[in-house]
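S.K.:
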Amino acid sequence: MVPSELAARLNCAEYKNWVKAGHCLLLLRSCLQGFVGQEVLSFHRGLLAAAPSLGPRATCRGGSRCTPRARQFQPQCQVCSEWKREILKHHVNRNGDVHWGNCRPGRWPVDAWEVAKAFMPRGLADKRAPEECDAVALLSLINSCDHFVVDRKKVTEVIKCRNEIMHSSEMKVSSTWLRDFQVKIQNFLSEFKNIPEIVAAHSRLEQLLTSDWAVYVPVEDQPDGCECDTQTYLSANQVNEIEMELLKEKLQELYLQAEEQDVSPEEVNEKHRDLCVSEQSQVRRRG
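First residue of the sequence shown: 1, per UniProt numbering; consecutive thereafter.
#1: Could you pull the start and end residues of the alpha helix (DSSP H) that Gln182 belongs to?
#2: Alpha carbon to alpha carbon, how far is Leu256 from Pro105?
#3: Kindly list the residues whose CB is nearer than 7 Å to the CB of His90, restricted to its own chain and excluding five residues on each side of it in sequence; keep chain order.
#4: When we look at the beta-carbon of Met244 and count the other beta-carbons within 10 Å, is it buried (16 or more) or exposed?
#5: State the CB to CB distance for the pair Asn194 and Lys154, rounded to an integer number of angstroms; the pair is presumed to be in contact (CB under 8 Å).
#6: Which whole-angstrom value describes the C-beta separation of Gly101 and Ala137, a residue pair presumed to lie in contact below a C-beta threshold of 8 Å?
#7: Are there 16 or more other CB atoms within 10 angstroms of the CB of residue 289, so buried, or fewer, so exposed?
#8: Buried or exposed, going by whether 16 or more other CB atoms sit within 10 Å of the CB of Glu114?
#9: Need the endpoints of the alpha helix (DSSP H) that Thr156 sits in, please.
#10: Under 8 Å by Cβ, that's how I've got Val79 and Cys60 pegged, so tell me the actual separation to the nearest angstrom.
#11: Can you check whether the CB of Arg204 is closer than 8 Å to the CB of Leu32?
#12: Would you mind working out which of Pro75, Leu25, Asn11 sits nearest Leu246, comparing C-alpha positions?
#13: State the CB to CB distance for the pair Leu141 and Ala125, rounded to an integer number of angstroms; the pair is presumed to be in contact (CB under 8 Å).
#14: State the CB to CB distance for the pair Lys184 and Glu157, rounded to an integer number of angstroms; the pair is presumed to be in contact (CB under 8 Å).
#15: To the nearest angstrom, how far is the alpha carbon of Gln182 from that of Gly55?
#16: Give the straight-line distance between the Cα atoms of Leu251 and Ser168, rounded to the nearest whole angstrom.
#17: Can you give me the Cβ contacts of Asn93 inside the same chain, cut-off strictly under 8 Å, excluding the 5 residues immediately before and after it?
#18: Find the nearest neighbour of Lys127 within the set Ala8, Gly37, Ala21, Gly22, judged by alpha-carbon distance.
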């Protein structure tokens, strides 16, 4: 990225707010991964303790006939049928959408994460650990699984904010929206006062959302990034990395929507190119 182009792009306060909110979600994802990973293992151990017959010695006898499709899953063996019942017992949305297509049922007896994916949004079949998931996947797991004792309204408020960020066609949010987002993030994080890594992230996120968040575009031979007393600075490389992460997540959203609407991958790629061209045009106008 040419420094002048980056500076021009970030002259737009609403675009900078969008990147800032997105960065906050990336930090939230990072601080939730370890906690969620441990809780999923604990949840799985609890399921096996309550139903020992579903443990590692249990084997799916249905083969490919026990393969789920999107929200549809009609298990053809006793083990998978019992596992489905156990999962639904703990699913807050047991009468609504469950994305069984995320899962490999034959792995449920031995792989806690395959169980966890039944509580997540669509499109996560290839994810093998919390470190591979975005913030909304982890938030949805916390919201949908009754193992997590939280105020679910606080979780859904953050999920709604995340969706507004990802679905913003112009990649902009207002300062009023950002302040509201800050309150909702703080409310959510207050549910985890006994989790050190989340408590530590709380202050970092608050600092991010309340700082001036100026962008330092280094000249040749100067180090990336700096800190001063009045503003939090980021280097051009740091901003570019945040933008790329957010655009990658946004592109994944487009592909998932395309699957549901039977749109070809070529059309999705075209839409993504249009999105990039539109943003570049806005940069030129701001310059």
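Don't be surprised by glycine CBs; every beta carbon is placed ideally from N, CA and C.
M.R.: Reading it off the structure:
#1: The count along the sequence shown starts at 1 and reaches residue 182 at position 182. Counting along the chain, the unbroken alpha helix (DSSP H) around Gln182 starts and ends at 175-189.
#2: Taking the first residue of the sequence shown as position 1, residue 256 is located at position 256. Taking the first residue of the sequence shown as position 1, residue 105 is located at position 105. If I take the Cα positions, the gap works out to 22 Å.
#3: Locating residue 90 in the sequence shown gives position 90, where the first residue counts as 1. Only Cys145, Asp146, His147 meet the Cβ criterion.
#4: Along the sequence shown, read from residue 1 onward, the residue named residue 244 stands at position 244. The C-beta of Met244 has fewer than 16 other C-beta atoms within 10 Å across all chains shown, which makes the residue exposed.
#5: Taking the sequence shown and counting its residues from 1, the one referred to as residue 194 is at position 194. Taking the sequence shown and counting its residues from 1, the one referred to as residue 154 is at position 154. Actually they do not touch by this definition, with Cβ atoms about 16 Å apart.
#6: In the sequence shown, counting from the first residue as 1, residue 101 sits at position 101. In the sequence shown, counting from the first residue as 1, residue 137 sits at position 137. Gly101 to Ala137, Cβ: 14 Å. No contact.
#7: The displayed coordinates of the chain run from 1 to 287. Any statement about residue 289 would go beyond what the structure contains.
#8: On the sequence shown, residue 114 is found 114 positions in, with the first residue counted as 1. Result: buried.
#9: By 1-based counting over the sequence shown, the position of residue 156 is 156. Counting along the chain, the alpha helix (DSSP H) containing Thr156 begins and ends at 152-166.
#10: Translated into the one-based positions of the sequence shown, residue 79 becomes position 79. Translated into the one-based positions of the sequence shown, residue 60 becomes position 60. Rounded to the nearest angstrom, the Cβ distance from Val79 to Cys60 is 5 Å, consistent with a contact under 8 Å.
#11: Looking up residue 32 in the sequence shown gives position 32. Looking up residue 204 in the sequence shown gives position 204. Not a contact, by the Cβ cut-off of 8 Å.
#12: Here residue 246 corresponds to residue number 246 of the sequence shown, with the count starting at 1. Nearest of Pro75, Leu25, Asn11 to Leu246, Cα basis: Leu25.
#13: Stepping through the sequence shown from its first residue, residue 141 is reached at position 141. Stepping through the sequence shown from its first residue, residue 125 is reached at position 125. Going by Cβ atoms, the distance from Leu141 to Ala125 rounds to 15 Å, so no, they are not a contact pair.
#14: Along the sequence shown, one-based indexing puts residue 184 at 184. Along the sequence shown, one-based indexing puts residue 157 at 157. Between Glu157 and Lys184 the Cβ distance is about 4 Å, and since that is below 8 Å, they are a contact.
#15: For the purposes of this step, residue 182 is taken as the residue at position 182 of the sequence shown. For the purposes of this step, residue 55 is taken as the residue at position 55 of the sequence shown. Cα to Cα, the separation comes out at about 43 Å.
#16: Position 251 of the sequence shown, counting from 1, holds the residue named residue 251. Position 168 of the sequence shown, counting from 1, holds the residue named residue 168. The C-alpha of Leu251 lies about 12 Å from the C-alpha of Ser168.
#17: Here residue 93 corresponds to residue number 93 of the sequence shown, with the count starting at 1. Around Asn93, the same chain offers Ser144 as residues with beta carbons nearer than 8 Å, after the five sequence neighbours per side are excluded.
#18: Position 127 of the sequence shown holds residue 127. For the residues Ala8, Gly37, Ala21, Gly22, the minimum Cα distance to Lys127 belongs to Gly37.
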